[in-house]
Structures are given as C-alpha cells and as structure tokens.
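Asks: Residue numbers (full-length UniProt numbering): 1 to 213. Ideal Cβ positions, reconstructed from N, Cα and C, are used throughout, including at glycine. Have a look at the structure that comes next, please.
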Amino acid sequence: MAAAEKKEHLYKILVIGELGTGKTSIIKRYVHQFFSQHYRATIGVDFALKVINWDSDTLIRLQLWDIAGQERFGNMTRVYYKEAVGCFIVFDVTRASTFDAVQKWKNDLDSKVQLPDGSSIPCVLLANKCDQAKEGLVNNAGQMDEYCKDKAFAGWFETSAKENINIDEAARFLVTKILANEEHMQTNEDGPKDSITITSSSSSMPGEKKSCC
C-alpha cells in the first residue's frame with residue numbers, strides 16, 4: 001500500500017546561457033554521470049530526464065531542457081520556456097563575456113515565463129568550469145552573493161561538469177525551491193498548478209537542508 005501512495009511529480013527545468021558554457025556537459029554529468037570534451041553545439045533544443053527518489057513518499061522527474069546558446073534561436077525561446085518551473089543559467093568562469101550575458105538571459109526568461117501567481121520561476125546561477133582559472137566577478141564570493149540578490153536569483157553555485165563539483169547540490173537546491181513554491185500554491189490556490197501528482201497528496205514537504213548560495 002505504501003508504494004501506491006507515493007507522490008510523483010514532473011518538473012520542467014530550463015538550462016540556458018551563452019554558447020560553450022557547458023550546459024550540455026552539466027546535464028550529461030547530472031543525468032548519466034558522464035563527461036566528454038567533445039560535445040557538438042546544441043542546435044535548437046534537447047532534453048534529458050532525471051529521476052530522483054526525493055524521500056520515502058516522493059518521486060521527482062526532472063525534464064531538463066538544454067536550450068541552444070546561439071542568439072539566432074532567441075525568437076524560439078518563448079515556446080521552449082513554456083510551462084517551466086525552474087531554471088539554471090550557466091556561464092563559463094574562464095570567459096567573463098559569458099557572465100556579462102547572464103542578465104540578458106535572466107531578463108528574457110522573466111519576460112516569457114512566470115508561475116501561476118505571476119512571480120518569476122526560481123533560477124539558479126551556475127558558475128561553470130570552476131576547476132579552471134577564473135575571470136571577473138566570480139573571484140569575489142561576496143560580490144556574487146550581492147549580484148544574485150540584486151538580480152533575483154535563488155542562489156549560485158560554482159560547478160564543474162568535468163570534476164563533478166556541485167552539480168547534484170545545485171539541482172537539489174533548485175528542486176527545494178520548486179517544492180516550496182508548489183506547497184505555497186497548494187495552500188493558497190487549492191492545488192498545485194505545475195506538477196503531475198499521480199495519487200492524492202499530503203501537504204507536507206520533505207525537510208531539505210538548504211545549500212549555501
């Protein structure tokens with residue numbers, strides 16, 4: 001009977017940012033525990049599925065959408081962003097120009113997708129390739145904290161797909177934010193609007209330790 005009462009959720013997560021920042025590598029590492037130096041640039045959009053046994057009562061499926069970094073695909077992002085409930089914006093710590101573009105991606109995201117109450121979906125900033133020499137603001141953690149607060153990011157993590165640094169931690173942090181939003185909507189709007197619940201659900205949320213951001 002316990003198995004029959006297990007809640008299942010499906011969440012659409014966007015992974016966006018400039019070309020060559022490691023978005024595909026992050027997804028491959030997270031979903032398949034695999035890394036390669038030889039990925040081709042994503043054309044349009046690709047996606048992968050990650051299944052998480054969140055706790056004894058909850059199964060979460062993350063549909064990770066890998067959005068191409070090329071500017072010429074920008075006019076399609078509204079279609080790709082539809083129904084997303086969380087996002088990673090990725091930049092390359094070895095190329096300050098990719099950090100300069102982060103605000104463009106965040107503005108694009110916030111203008112095209114919102115939660116049912118009109119608020120922005122939770123977005124986590126990933127400072128990728130942290131195993132290499134860094135350029136720019138990412139060298140100052142305090143300033144990065146302030147940047148994320150000012151720009152309404154849920155948090156930020158230094159990550160490395162190559163060395164498997166903070167990929168799982170960042171994902172758990174984002175899922176915790178998504179679950180908190182869902183619980184809020186259940187409380188205030190009489191039912192979740194952005195998940196698929198297979199069976200009748202309780203209103204409790206797993207007690208998840210927050211990651212440092």
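Taking the CB atoms as reference points, tell me whether residue 236 and alanine 154 lie closer together than 8 Å.
Replies: This structure cannot settle anything about residue 236, because the visible part of the chain is limited to 1 through 213.
Asks: So, is the C-beta of threonine 77 closer than 8 Å to a C-beta in chain B?
Replies: No chain B is part of this structure, which consists of one protein chain only.
Asks: For glycine 97, which residues of its own chain have a beta-carbon under 6 Å away from its beta-carbon, when the five flanking residues on both sides are left out?
Replies: The residue you call residue 97 lines up with position 97 of the sequence shown. In the sequence on display, residue 97 carries serine and not glycine. Around serine 97: no qualifying Cβ.
Asks: Relative to the C-alpha of valine 102, which residue among Val124, Ile60, Arg172 is closest?
Replies: Within the sequence shown, the letter at position 102 stands for residue 102. Of the listed residues, the one whose Cα sits closest to valine 102 is Val124.
Asks: Taking 6 Å as the limit between beta carbons, can you name the residues of its chain near lysine 177, skipping five residues before and five after?
Replies: Position 177 of the sequence shown holds residue 177. Counting only Cβ-Cβ distances below 6 Å, and skipping sequence neighbours, we find Pro122, Ala154.
Asks: Would you check if the segment 16–35 and the segment 140–155 touch, i.e. whether three or more CB-CB distances between them fall below 8 Å?
Replies: No, the segment 140–155 does not touch the segment 16–35.
Asks: Taking three-plus beta-carbon pairs below 8 Å as touching, is the segment 104–118 in contact with the segment 136–145?
Replies: Cβ pair count under 8 Å is below three, so no.
Asks: Bridge partners for lysine 50 per DSSP, in chain order?
Replies: Residue 50 sits at position 50 when you count from the first residue of the sequence shown. In DSSP, lysine 50 forms a bridge with Leu62.
Asks: Where does glutamine 103 fall in DSSP's three states?
Replies: Position 103 of the sequence shown, counted from the first residue, corresponds to residue 103. Looking at glutamine 103 - three-state DSSP - the assignment turns out to be helix.
Asks: Since tyrosine 81 and leucine 109 should fall inside the 8 Å C-beta cutoff, what is the C-beta to C-beta distance between them, to a whole number of angstroms?
Replies: As a first step, residue 81 is located in the sequence shown; it is residue number 81 there, counting from the start. As a first step, residue 109 is located in the sequence shown; it is residue number 109 there, counting from the start. 7 Å between Cβ atoms; contact.
Asks: Once DSSP output is grouped into helix, strand and coil, what is the label at threonine 159?
Replies: By one-based count along the sequence shown, residue 159 stands at place 159. DSSP places threonine 159 in strand when its eight states are reduced to three.
Asks: Buried or exposed: which applies to histidine 32, given that a residue is buried once 16 or more other Cβ atoms fall within 10 Å of its Cβ?
Replies: Position 32 of the sequence shown, counted from the first residue, corresponds to residue 32. Exposed: under 16 other Cβ atoms inside 10 Å.
Asks: If you follow the alpha helix (DSSP H) that isoleucine 121 is part of, which residue opens it and which one closes it?
Replies: Position 121 of the sequence shown holds residue 121. Isoleucine 121 -> no alpha helix (DSSP H), and no H or E assigned at all.
Asks: So what does glycine 86 bridge to, in DSSP terms?
Replies: Numbered from its first residue, the sequence shown carries residue 86 at position 86. According to DSSP, which records beta bridges pairwise, glycine 86 is partnered with Ile13.
Asks: Would you mind working out which of Lys28, Thr58, Phe88, Thr159 sits nearest alanine 48, comparing C-alpha positions?
Replies: What you label residue 48 is simply residue 48 of the sequence shown in a count that begins at 1. Cα-wise, what sits closest to alanine 48 is Lys28.
Asks: For the alpha helix (DSSP H) that contains methionine 76, what are its first and last residues?
Replies: Mapped onto the sequence shown, residue 76 falls at position 76. Run containing methionine 76: none; DSSP gives neither H nor E here.
Asks: Have a look at Gly136, Ile13, Ala161, Trp54 and flag the residue whose alpha-carbon is nearest the alpha-carbon of aspartate 46.
Replies: The residue labelled residue 46 in the question sits at position 46 within the sequence shown. When each option's Cα is compared against that of aspartate 46, the closest is Ile13.
Asks: Thinking C-alpha only, which one of Lys6, Lys104, Ala180, Ala68 is nearest threonine 58?
Replies: The residue you call residue 58 lines up with position 58 of the sequence shown. Of the listed residues, the one whose Cα sits closest to threonine 58 is Lys6.
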